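The opening residue of the first sequence carries number -18 in the numbering used here; numbering runs sequentially from there. Glycine is no exception: its CB is placed at the ideal position from the N, C-alpha and C atoms. No experiment lies behind these values; they were computed from the predicted model shown.
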Amino acid sequence: MSSPPESIRRLGSRSKRHDSRSCQTELPLMIAVDSFPMSRFEEIDDRYDPHAVERETAEYWDAVDAYEQTKAHRDGEQPYFFVDGPPYTSGSAHMGTTWNKTLKDCYIRYLRMSGYDVTDRPGYDMHGLPIETRVEERLGFENKKDIEAFGEQRFIEECKSFAEEQLDGLQEDFQSFGVWMDWEDPYKTVSPEYMEAAWWGFEQVHERGLVEQGQRSISQCPRCETAIANNEVEYEVVDDPSIYVKFPLTERKGSLVIWTTTPWTIPANTFVAVDGDATYQAVQAETDGETETLYLEASCVEEVLDRGGYDRYDVIESFDGEELAGWTYDHPLDEQVPNHPDGENALQVYTGDYVEIDRTGLVHSAPGHGEEDFERGQELGLPVVCPVGPDGVFTERAGKYAGQFVKDADTEIMADLDRAGRLLSEGTVSHDYGHCWRCDTGIIQIVTDQWFITVSEIKDELLENIEDSEWYPQSARDNRFKDFVKSSPDWNVSRQRYWGIPIPIWTPEEWSGTIDEAIVIGTREELADRVDQAIDPETVDLHKDTVDELTITEDGRTYTRIGDVFDVWIDSAVATWGTLGYPHNEAAFEELWPADLIIEGHDQTRGWFWSQLGMGTAALGGIPYEQVLMHGYALMPDGQAMSKSKNILIDPHEVIDEHGTDPMRAFLLSFTARADDMKFSWDEVAEMKRRLNILWNVFRFSLQYMGPDDFDPDTVAPADAQTEVVDEWVLSRLQTVEAEMSEHFEAFEQDKAFDRLIEFVVEDVSRFYVQEVRDRVWPEADSPSKTAAYATLYTVLEETVALLAPFSPFIADSLYQHLTGDTGYDTVHMCDWPEQADQWRDRTLEADIEIVRAVEEAGSNARQKAERSLRWPVERIVVAAETEAAVAAVDRRRDLIKNRLNAQEIQLIEPSEQWGELRYAAAADMSVLGPTFGDDAGRIMNALNDASVSEPTVEALETAVAERHEPVSLTDEMVEIVTKTPDGVTGTAFDTDGEQSGVVYVDTSLTPEIRNEGYAREVTRRVNEMRSDLELDNSQRIKLDITVDDDGIAQHITERSELIRNEVRAETIGTVEDGYRKEWEITNVDSDTPVALTLTIEPVAPQKAST
RNA sequence: GGGCCGAUAGCUCAGUUAGGUUGAGCGCUCGGCUGAUAACCGGGAGGUCCACGGUUCAAAUCCGUGUCGGCCCA
């Protein structure tokens, strides 16, 4: 993505409330939404309930026109032309579409926040055979004749209303996914404006001389009676005949042997192809005493003769393939098909580069059917005979088979060949065979007249234009896409159907067949000008039923429209200008074209990515999109493809019902959008909900204090407050996260951006910062420390929800409203994307805290080993730092570590020093000691085990052994040095960036002071739990009664009663007769025995508090 | 049959650009915390990095072959 203009970048998030251009200023809205009163710091629900949040936020959006305002807010800024790839309007949104639209929404929201005026018109692909077949099914039609009987016009109406119906469903689906696009004004490929865009594009292509009519071998669906595109062919395994046929040679003895799975193409046989470089053999084969000569490729001989059931054979001669060229043969069905292909060059052997050496190495070729056969036949100037009609029925040309459906004639053809002694072998084969993607009918290859855009003529230009686009990932462009473009044939754009954009070609009576003689119409206006009938270009519909009536008379000749409609891929191919209403509206096209960005799945490489390149290049000489984000496919949890027809799918609505839209979106967006497929996972969606809940809890915590304390974020920014180390740290982290997220977004890696954000919320804000500020916000009295914490939290939260907005727009906006009330924008989606502020970025501090956290982790591990809970202070913590970075960080952040680990003192040991209280011992390795010392080894081992030395060296151990045993010479291999800590001390190593950085020792020795503090905290914790049981407000005062069944402990508690009173907001500690009583058990730390503790609390009536 | 992509802990994914002791979250398990609490924290177990072969001192990573899955093509 390119950078937005400076003027936009400079609008930092902190200044946005004073942005004079905000809609809020221009459109003072009367906001009074009963269901969503957004007064600042109002408490939020106890638990994050996605459904409630989404319902309320959607209502709120409607009430304040949030989408419209957000769009208007960027009106006139730097334009960003995003183009929506139109989903096809048959059926509802599946997980793949959901992922696709969610990605689009995420990037559009991000781009808007980054300051762009983004085009966001959604589109729908509404023409084409799939809809026709669905409508045919609905109406119970069998074939085209039913449609003709029903009436073209009525049928087109039915298709239109079916498509509109489906469109409505999709619109609802997409909105329920929280996608913000211009749902009021989608582009529809069936509208006259849009159809005109296709006409216009086609006319441009024609003017470049790239339109022609011609014969081609095409895939035909005999039921739909139309050509279908290669990518509309679905392959399925079917059983077909597998026959070896002898073609009798005319000028020499014997027969060529060919193999085919389509006996019905033999009537059209025109030549036999061989591999010029292969070796063929003449074989004398014998069966039942009769011999015959067969010609086959050498490596195929044995298998074919075996299949033919011959008793024996001899190879009598060898030929290069080249030598066979020119041999002539009799048509194998010469009696049954008298009018078979014939002529000077027909019924001969030719070389062909499509010949594969399998089966027989000789290929039966019928230019009237197969694509390769057709092309080779054209080269050779052979006649093209196709004795099959568009409905798959043999024509008169097929002789005795005329009137039969081709597949039905297979049996008879094989029988006839057999009778003539020309069937060498007959069997069946299971193989992939093409079927119509809509009606599942087996396709046939036939040659018919079709209209083409001759993209093969501009292949170099296509490949050059590809270079003008950036793909994410780029490898998809350079491998997959280029390969496809290199091998793409001319584009057959004609379909013999009804529901499509009519091809705007009018041909005269007695037309010669050349394009020069035809008329191509580009616009509605031109149509109105030239046709004989009076039509209004503003209102005319362009569908087949209308335009087929229109004639053109020029220079005394009358022209009628050809009957065909466009391949539906033409429709979406013109989307970049169709979506702008071009050519009808010129201004937007001039300003915006080509598209800045398109986002689609990798199946579109051969679909929309290609069709747009082809059409854009042929019509306008350029690629119509500059950036492509190509994502993967949505798969089932087990990695299988989803399939609607097999009912193997995850319905997005089911996911929303179960977990909510925001968690689903977060899940979808947490995957890379760069080509990899996504496996759906229910668990991960639930996990996303849990993570969003953590953010929810952070808000709950913050609002609980900011509200009652009347904190005013508009008067205190962090820069004005007395911020402390953790405040500065979390603000620095925020800047880092913002910088990283922007970087990832620019690289179209929203998944990584999202990771950074969630990690920040969970690890830094929730687990560290909130824990750290709790003590600061608890006291009721105002303090600079508390204010700084609020100001920090406010900034962090406000920017965090902005960062979250593209991912989970509902919860982000809901939290934003709770935070800003009526002081902010009406929606978080109007905010500027938070940019990092250098003033808060402090890398040293961030690195320090990383070390602090590593020390803390090791410290809490050491505490756990010593079984001393965090509630209990420890006398001291010794950090033996092993790196200079650790020394510096621990030294600088002593207080923080003290606080986090509840220690009274932090002692720092530098790498050059040794902690004097440590001792070292050795574990002997007997596998080394044994061979070295023999009998003595056991005694040396004992001496080593008893040793306790002050330095971790072999020399020190030698000395120790010498004192207990006798001097010996030890090596490093003989011993492993182990550390012995003083009594009451446990240690755990810590590391940073994978490097061991030191050891944290915790001294758990008890002192009277520690006992006072520890027992007091045991009491406060339990009292506070009881306050929670009673659901008391934070400010509620209580009376407290403490009874403990141990005089020593009672004494410790008494000595800290002041602390307890403050921590639990108790007015008095004494006898409470009538309160909430609870029995507890605490542990006497000295004797490790349980002690009964009874606590009673009673809320006191609030006096008119002065606080 | 061909092209492209993927395969790493029970699950979802990092790590592959540039070879150097495989990581995270979830789940499981043990423990802790308890004024955000249906939240949160710490410890632990858990791996043939799909298989085989090659290059290399050294391969999850590079090369080759194969298997499985996905997309596209025939």
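Inset, instruction - Label His416 either buried or exposed according to how many other C-beta atoms from any shown protein chain fall within 10 Å of its C-beta, with 16 as the threshold for buried. - result: buried
Legend entry - Coarse secondary structure for Leu1074, derived from DSSP in three states: strand
Legend entry - Span separating the alpha-carbon of Arg755 from that of Glu856: 23 angstroms
Legend entry - Beta-carbon separation (whole angstroms), Glu772 vs Ala702, contact threshold 8 angstroms: Looking at the sequence provided, one finds Ala at residue 772 rather than Glu. About 4 angstroms separates the two Cβ atoms, so the contact holds.
Legend entry - 7 angstroms Cβ shell around Val636 - same chain, five flanking residues per side excluded: Met645 and Val666
Inset, instruction - Identify, in the order they occur along the chain, each residue of the same chain with its Cβ nearer than 6 angstroms to the Cβ of Ala390, setting aside the five sequence neighbours on each side. - result: Trp245 and Tyr382
Inset, instruction - Look up Asp984 in the DSSP assignment and give the residues it is bridged to. - result: Arg857 and Val966
Inset, instruction - For Ile739, name the three-state secondary structure that DSSP assigns. - result: helix
Legend entry - Given 8 angstroms, three or more beta-carbon pairs between the stretch 782 to 798 and the stretch 673 to 692: yes
Inset, instruction - Please report how far the alpha carbon of Lys388 lies from the alpha carbon of Tyr216, in whole angstroms. - result: 17 angstroms
Legend entry - Reduced DSSP category for Gly660 - H, G, I as helix; E, B as strand; rest coil: The displayed chain sequence assigns Lys, not Gly, to residue 660. If DSSP states are grouped into helix, strand and coil, Lys660 belongs with the strands.
Inset, instruction - Out of Thr114, His108 and Asp872, point me to the one whose CA is closest to Glu145's CA. - result: His108
Inset, instruction - State the CB to CB distance for the pair Val1066 and Gly995, rounded to an integer number of angstroms; the pair is presumed to be in contact (CB under 8 angstroms). - result: 7 angstroms
Inset, instruction - Report whether the distance from the Cβ of Lys625 to the nearest heavy atom of the ligand COA is below 6 angstroms. - result: Questions concerning the ligand COA fall outside what the structure shown contains, since it holds no ligand whatsoever.
Inset, instruction - Counting only runs of 3+ residues fully inside the stretch 341 to 393, write out the beta strand (DSSP E) ranges in chain order. - result: 343 to 346
Legend entry - His416, enclosing beta strand (DSSP E) - first and last residue: Leu404 to Cys417
Legend entry - Gln621 versus Met76 - alpha carbon distance: 13 angstroms
Legend entry - Per DSSP, cross-strand counterpart(s) of Asp545: Paired residues: none, contrary to the question.
Legend entry - Range of the contiguous beta strand (DSSP E) that encloses Thr488: Ile486 to Pro489
Inset, instruction - Return the chain-ordered list of same chain residues with a C-beta closer than 7 angstroms to the C-beta of Asp829, the five sequence neighbours on each side being excluded. - result: Ala870, Arg873 and Arg874
Legend entry - Cutoff 8 angstroms; reference Ile338; Cβ partners in own chain excluding five residues on either side: Asp256, Ala259, Glu278, Ser280 and Cys281
Legend entry - Rounded distance between the beta-carbons of Pro248 and Trp164, thought under 8 angstroms: The pair is not a contact, with the Cβ atoms about 56 angstroms apart (cut-off 8 angstroms).
Inset, instruction - In the DSSP assignment, find the beta strand (DSSP E) that holds Tyr453 and state where it starts and stops. - result: Glu451 to Tyr453
Legend entry - Proximity to Ala263 [Cα-Cα], best of Thr274, Arg714 and Ala254: Thr274
Legend entry - Residue nearest to Lys961 in terms of C-alpha spacing, selected from Val1081, Tyr901 and Gln977: Tyr901
Inset, instruction - Can you grab the Cα-Cα spacing for the pair Ser626 / Gln201, in whole Å? - result: 23 angstroms
Legend entry - Element boundaries [beta strand (DSSP E), containing Asp756]: That residue, Asp756, is in no beta strand (DSSP E); its alpha helix (DSSP H) goes Gln752 to Val758.
Inset, instruction - Take Arg357 and list the residues in its own chain whose beta-carbon comes closer than 6 angstroms to its own, dropping the five residues that flank it on each side. - result: Gly333
Inset, instruction - Assign Ile239 to one of two classes, buried (16 or more other C-beta atoms within 10 Å of its C-beta) or exposed (fewer than that). - result: buried
Inset, instruction - Identify every run of the beta strand (DSSP E) within the stretch 23 to 100, keeping only runs that are complete inside it and at least 3 residues long; order them along the chain. - result: 60 to 62 and 98 to 100
Inset, instruction - Entirely within the stretch 1012 to 1071 and at least 4 residues each: give me those alpha helix (DSSP H) ranges in chain order. - result: 1028 to 1036 and 1038 to 1045
Inset, instruction - Mind checking which residues open and close the beta strand (DSSP E) that includes Asp220? - result: Val214 to Pro229
Inset, instruction - Could you have a look at Glu193 and say whether DSSP puts it in helix, strand or coil? - result: strand
Legend entry - Cβ-Cβ separation, Leu237 to Tyr276 (assumed contact under 8 angstroms), whole Å: 5 angstroms
Legend entry - Endpoints, alpha helix (DSSP H) assigned at Trp589: Trp589 to Leu601
Inset, instruction - Could you tell me whether the stretch 699 to 716 touches the stretch 813 to 831, where touching means 3 or more Cβ pairs closer than 8 angstroms? - result: yes
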